[in-house]
Amino acid sequence: MNTQTRIPALEIEEDFRARAHEALGDPQLRGNFRRAMDSLMTKRAAAFSDPEEREDLRSLGNAIRARALSKLPELLEQLDRNLTRNGVQVHWAETIEEANAIVLGIVNAHSARQVIKGKSMVSEEMEMNDFLGERGVECLEADMGEYIVQMDHEKPSHIIMPAIHKNAGQVGKLFHEKLGVDYTTDVDQLIQIGRRVLRQKFFEADIGVSGVNFAVAETGTLLLVENEGNGRMVTGVPPVHIAVTGIEKVVENLRDTVPLLSLLTRSALGIPITTYVNMISGPRQPGELDGPQEVHLVLLDNGRSQAFADSELRQTLNCIRCGACMNHCPVYTRIGGHAYGEVYPGPIGKIITPHLVGLAKVPDHPSASSLCGACGEVCPVKIPIPALLRRLREENVKAPDSPHQAMRGQGSKYSRKERFIWNAWARLNRSPALYRVFGFLATRLRNLVPNSVGPWTQNHSAPKPAPRSLHEMAREHLHKPSGDL
Amino acid sequence: MSAKHNILAKLRGSLAGTTPIADNFNEALVTEPWRYAPEQRLAQLRKLMEAVHTEIHLCSEQDWPRRLAEQVQARQLLSLLIAPGTAHGQRVSEHWALHPELPPLKAYDRPIEQWKAELFNDTPASFTGTLGAIAATGSLIIWPTPQEPRLMSLVPPVHFALLKASEIYDNLYEVQQRQKWASGMPTNALLVSGPSKTADIEQVLAYGAHGPKDLVVLILEDA
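In structure tokens form, the structure reads like this:
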């Protein structure tokens with residue numbers, strides 16, 4: 001792959017607002033997302049046809065994740081122990097730099113030149129493709145959607161459906177230009193082209209990289225779900241398998257994966273189960289004829305321990321990456337995944353990204369929400385996303401001298417003027433005398449409100465007070481003779 | 001200090017003074033909605049698997065090798081990969097020995113490194129056993145073994161699988177408990193619920209993404 005060409009979504013040249021504005025004016029993009037999100041919402045609703053069963057299962061999912069997080073250090077140690085016993089080499093990384101260095105170390109130890117990768121959002125966090133590409137190692141995506149976006153030097157626009165922003169015509173044109181095949185919009189043909197190219201890559205690859213959906217502490221098992229078979233290919237064909245995952249993905253018992261699996265596949269795609277559920281508990285054992293000779297697991301922190309430190313923000317780590325919150329988000333549906341400019345888009349992206357990159361880098365994320373509540377309502381593990389967005393809005397404007405340091409990059413939207421105005425407003429509302437004077441002046445001087453009051457009047461008419469306040473009218477009414485009604 | 005030490009220290013610091021949440025796993029929630037009458041299990045499995053393009057043939061313990069041979073011939077497959085060390089692989093060999101007109105059998109009897117190119121480029125179909133199936137989700141349970149390696153059910157474009165009707169379980173939880181999975185997982189364990197598929201382009205479902213394009217299940221009704 002041409003490593004000179006940078007991936008556009010990585011360059012934060014404009015701010016979130018500018019990118020959102022641009023996306024809103026792109027009818028092709030909006031059509032592609034609208035159709036896809038409508039269909040995903042319908043499928044999810046059909047898969048959870050019994051609301052009582054759904055709500056009970058969501059409660060169980062939430063309890064399982066909360067329990068796992070409540071003993072996270074012990075479970076991580078148990079996972080490490082059991083995987084090590086099974087022959088898996090476990091590595092820990094605090095930062096993406098450390099994680100990439102670990103991967104590079106394994107690559108170098110095997111003099112690997114070709115890496116084939118199954119879908120993994122953590123490897124996107126690490127920007128592993130670019131990192132290895134810059135060091136002369138080809139790192140190719142094998143998930144069909146990821147393969148398409150990588151070919152076009154893009155980033156995924158959805159965590160489950162990476163190429164959802166493209167239609168078949170756009171994919172056909174891309175394949176025609178990059179692979180030299182005849183232009184077609186036939187999806188079956190396009191998939192067969194991808195299959196042919198990638199089969200050869202599975203065959204040749206020195207190392208396979210995958211993500212992990214659930215890491216089971218009890219048995220030392222890495223569970224991976226997928227429909228295409230690319231996950232099985234990258235974890236089964238190359239001589240070395242590296243799994244990368246966040247430290248929050250651990251669950252206590254194997255049985256805990258039963259409800260979580262059901263919640264995951266039904267919430268994400270509206271299907272009872274994915275085509276493949278892959279449970280990996282070790283490298284090739286003596287006597288076995290295939291499977292990787294080495295299996296590595298890289299456990300990445302990258303800001304997760306910061307979210308973990310605060311019992312409210314910790315709930316962010318319940319996430320099982322189903323994408324239902326983005327499928328149901330009116331903002332995401334209209335602006336698409338790329339507008340967010342980060343690895344994780346949509347509602348979950350807005351609450352996890354500040355921990356990964358610092359809130360100051362994504363100051364508009366918490367407010368890019370109407371707080372309609374749909375994300376929290378559909379979340380299979382009951383993350384209170386709207387409440388967490390409100391919390392992040394508070395963190396955004398926290399005073400620099402605040403003794404409470406909840407997160408990196410907090411307070412970047414703090415403004416002394418704004419804080420002064422809010423304090424004055426609070427005082428006004430606490431003092432009846434001041435409030436009456438304010439009410440009198442606001443109603444009598446109502447015509448002095450300018451027609452343009454900053455961003456408000458971009459989309460609304462200027463707020464003009466009524467001629468008389470409700471208090472005043474009520475007083476007048478009560479002083480009228482009775483029986484006047 | 002190591003990354004492991006630092007991460008664990010941070011997490012422990014954040015949990016100081018808290019007690020772990022009790023395990024209140026409610027097994028009724030993952031079993032009760034997914035129970036089937038014994039005579040319904042096969043129908044439920046069949047409905048779900050056929051909905052995702054799995055081909056199902058009901059056979060008997062006595063006639064399945066012949067039925068397998070018919071399918072291999074009907075598809076004009078040039079060879080069939082089997083696991084010679086398994087009982088079902090042995091049955092196939094015996095049947096094939098009596099019918100020289102059938103396409104040749106290949107045995108997966110040596111490490112992948114010795115024949116990787118042949119497996120990828122010149123092995124059109126495979127035949128494996130299963131450890132049972134799950135009615136609730138329409139899934140086959142496959143635990144590869146040294147005798148029956150994992151790539152058999154993945155690389156060849158057509159995968160034939162043998163399933164005993166008596167080994168169809170209601171739900172995943174029941175299988176995990178009855179087969180005691182938690183007390184010893186193999187290197188690789190799989191649930192397979194249809195041929196490989198993708199909906200990554202415009203959400204249009206296309207079969208035969210990276211794994212088998214066809215999954216054919218022979219169900220032994222009397223076994």
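Sequences listed follow chains P and R, in order. Last residue of the first sequence: number 485 in my numbering, and the count goes up by one each step with no gaps. Last residue of the second sequence: number 223 in my numbering, and the count goes up by one each step with no gaps. Cβ atoms here follow ideal geometry from the backbone N, Cα and C, with glycine treated the same way.
{"Asked": "For Ala9/P, the three-state DSSP class (helix, strand or coil)", "Found": "Model confidence at Ala9/P stands at a pLDDT of 45, short of 50, so the residue's coordinates are unreliable and nothing is read from them."}
{"Asked": "Check: Leu60/P C-beta below 7 Å from any heavy atom of the ligand ZN", "Found": "Ligands displayed in this structure: none; no statement on the ligand ZN is therefore possible."}
{"Asked": "Rounded C-alpha distance that separates Gln4/P from Glu134/P", "Found": "Any answer about Gln4/P is weak, because its pLDDT of 42 lies below 50 and its placement is not dependable; what the coordinates show is given next. Spanning the two alpha carbons is a distance of roughly 9 Å."}
{"Asked": "Span of the alpha helix (DSSP H) around Lys116/R", "Found": "116-121"}
{"Asked": "Beta-bridge pairing of Phe160/R - partner residues as DSSP gives them", "Found": "Phe127/R, Val216/R"}
{"Asked": "Nearest candidate by alpha-carbon position, reference Glu125/P, set Glu74/P, Arg67/P, Val234/P, Tyr344/P", "Found": "Tyr344/P"}
{"Asked": "For Val240/P: DSSP bridge partner residues", "Found": "Ile207/P, Glu294/P"}
{"Asked": "C-beta neighbour in chain P for Gln44/R, strict 8 Å", "Found": "no"}
{"Asked": "Beta carbon proximity, Glu312/P to chain R, threshold 8 Å", "Found": "no"}
{"Asked": "Of the listed residues Asp38/P, Val137/P, Leu297/P, nearest to Ala112/P (C-alpha basis)", "Found": "Val137/P"}
{"Asked": "Residues of the segment 292-324 of chain P whose Cβ lies closer than 7 Å to any Cβ of chain R, in chain order", "Found": "Asp301, Ser305, Phe308, Ala309"}
{"Asked": "Sequence ranges, alpha helix (DSSP H) only - wholly within the segment 367-450 of chain P, length at least 4", "Found": "374-378, 385-396, 416-430, 432-444"}
{"Asked": "Stretch-stretch touch, CB-based, cutoff 8 Å, three pairs: the segment 176-184 of chain P with the segment 47-65 of chain P", "Found": "no"}
{"Asked": "Inside the segment 77-152 of chain P only - beta strand (DSSP E) runs reaching at least 3 residues", "Found": "89-93, 114-117, 138-141"}
{"Asked": "Same chain, Cβ closer than 6 Å to Thr265/P, five either side skipped, listed in chain order", "Found": "Ile271, Ile273, Thr274"}
{"Asked": "Whole-Å CB distance - Ala133/R paired with Met279/P, under 8 Å assumed", "Found": "Their Cβ separation, rounded to whole angstroms, is 16 Å, which puts Ala133/R and Met279/P out of contact at 8 Å."}
{"Asked": "Presumed contact (8 Å Cβ cut-off) between Val251/P and Ala217/P, rounded CB distance", "Found": "7 Å"}
{"Asked": "Cutoff 6 Å; reference Ala205/P; Cβ partners in own chain excluding five residues on either side", "Found": "Gln114, Ile116, Pro238"}
{"Asked": "Short CB-CB distance (under 8 Å) between Val72/R and chain P", "Found": "no"}
{"Asked": "Contact under 8 Å by Cβ, Val92/R with Phe127/R", "Found": "yes"}
{"Asked": "Residues that Leu190/R bridges to, as DSSP identifies them", "Found": "Asn278/P, Ile142/R"}
{"Asked": "Counterpart residues of His57/R in DSSP-defined beta bridges", "Found": "Leu218/R"}
{"Asked": "Cβ neighbour criterion (16 or more within 10 Å) applied to Ala20/P", "Found": "buried"}
{"Asked": "Top-ranked residue by Cα proximity to Gly303/R, from Ala309/P, Arg416/P, Leu441/P, Glu418/P", "Found": "Nothing about residue 303/R can be reported from this structure: the residues present for chain R run from 1 to 223 only."}
{"Asked": "Segment limits, beta strand (DSSP E) that includes Thr221/P", "Found": "221-226"}
{"Asked": "Cβ-based contacts, 7 Å cut-off: residues of the segment 60-72 of chain P near chain R", "Found": "Leu60, Ala63, Ala66, Arg67, Ser70, Lys71, Leu72"}
{"Asked": "Cβ-Cβ distance between Ala243/P and Gly282/P below 8 Å", "Found": "no"}
{"Asked": "Backbone CA spacing between Met4/R and Lys361/P [nearest angstrom]", "Found": "According to the sequence provided, residue 4/R is Lys. The question's Met does not apply to it. One C-alpha to the other measures close to 27 Å."}
{"Asked": "Cβ shell of Lys382/P (< 6 Å), same chain only, five flanking positions each side left out", "Found": "Arg58, Asn62"}
{"Asked": "Any 3 or more C-beta pairs closer than 8 Å across the segment 353-370 of chain P and the segment 31-48 of chain P", "Found": "no"}
{"Asked": "Segment limits, alpha helix (DSSP H) that includes Phe33/P", "Found": "27-47"}
{"Asked": "Min CB distance Val204/R to chain P below 8 Å", "Found": "yes"}
{"Asked": "C-beta contact flag for Val234/P and Val197/P at 8 Å", "Found": "no"}
{"Asked": "Contact check, Gln176/R vs Thr86/R, beta carbons under 8 Å", "Found": "no"}
{"Asked": "Residue range of the unbroken alpha helix (DSSP H) whose run includes Ala18/P", "Found": "16-24"}
{"Asked": "Cutoff 7 Å; reference Val122/P; Cβ partners in own chain excluding five residues on either side", "Found": "Gly211, Val244, Thr245, Gly246, Leu300"}
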